[in-house]
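Working notes, beginning with the structure itself.
In the numbering used here, the protein residues as written are 79 to 155.
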């Protein structure tokens, strides 16, 4: 089902937050590489962003993946 996104809808707020967090992560990574005095805050932001990127978000419990996984196949991760 397609959803039409209008100005002022909450979808723009979610995208704005994602864009802001992405910019914060890039700021931390660039600062870690470019500034010798970069500290623990930048390292924590960079490590936290990287940790979120490796989460297995494609995994679904078997009971929610009806019709996708056969009887003999594996379920989630």
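Quick reminder that beta carbons are idealized off the backbone N, C-alpha and C, glycines included. Predicted model only: the values in this text are computed from it and were never measured.
Worksheet entry | Where the alpha helix (DSSP H) containing residue 127 begins and where it ends | 118-131
Worksheet item: Shortest alpha-carbon distance to residue 123 belongs to which of 103, 130 and 91?
Response: 103
Discussion item. Using a 10 Å radius around the Cβ and a threshold of 16 neighbouring Cβ atoms, would you call residue 106 buried or exposed?
Written reply: buried
Item to complete: Could you tell me the distance, in whole angstroms, from the CA atom of residue 111 to the CA atom of residue 134?
Response: 27 Å
Worksheet item: If you run the structure through DSSP and keep just helix, strand and coil, what is residue 113?
Response: coil
Discussion item. Please report the straight-line C-alpha distance between residue 132 and residue 100, rounded to a whole angstrom.
Written reply: Between the alpha carbons of residue 132 and residue 100 lies a gap of roughly 15 Å.
Worksheet item: From residue 116 to residue 126, what does the alpha carbon distance come to, in whole angstroms?
Response: 16 Å
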